[in-house]
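Undergrad: Below you'll find the structure I mean.
Numbering (my numbering), first residue to last: 33 to 150.
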């Protein structure tokens with residue numbers, strides 16, 4: 033695990049477009065973690081990275097795609113955190129080289145409620 037990685041786990045797709053397909057090239061997957069008691073709902077570009085129910089994939093959340101943690105999240109001249117685009121590291125090896133599909137953005141919603149077990 034890279035020093036920039038905040039979370040990594042393997043998920044299995046349980047459902048695909050449960051509420052129907054809303055966009056031509058986007059699918060909403062529902063997946064369950066193998067090692068943590070966690071459920072994930074994720075929108076993916078199904079044209080670039082098609083998935084099916086029972087497919088397994090590794091999900092990694094990282095602060096940066098840089099392999100050097102010292103350069104990730106560095107402060108800019110105004111004191112704010114410098115935002116890094118995944119495309120800026122074209123000449124160097126990056127975390128993106130280890131994966132087939134990479135997304136850049138923010139986690140939209142995070143829910144810490146514990147699931148009840150029946």
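Virtual Cβ for every residue (Gly too), placed ideally from N, Cα, C. This one's a predicted model, so the numbers in the text were calculated from it and none came from an experiment.
(1) Does residue 68 pass the burial test, meaning 16 or more other C-beta atoms within 10 Å, or should it be called exposed?
(2) What is the DSSP secondary structure of residue 127, reduced to helix, strand or coil?
(3) In terms of DSSP beta bridges, what is residue 60 paired with?
(4) According to DSSP, residue 47 sits in a beta bridge with which residue or residues?
(5) Given a cut-off of 7 Å on the beta-carbon distance, is the pair residue 72 and residue 43 in contact?
(6) Roughly how many whole angstroms lie between the Cα atoms of residue 62 and residue 136?
TA: With the given structure in hand:
(1) exposed
(2) helix
(3) 75
(4) 62
(5) yes
(6) 19 Å
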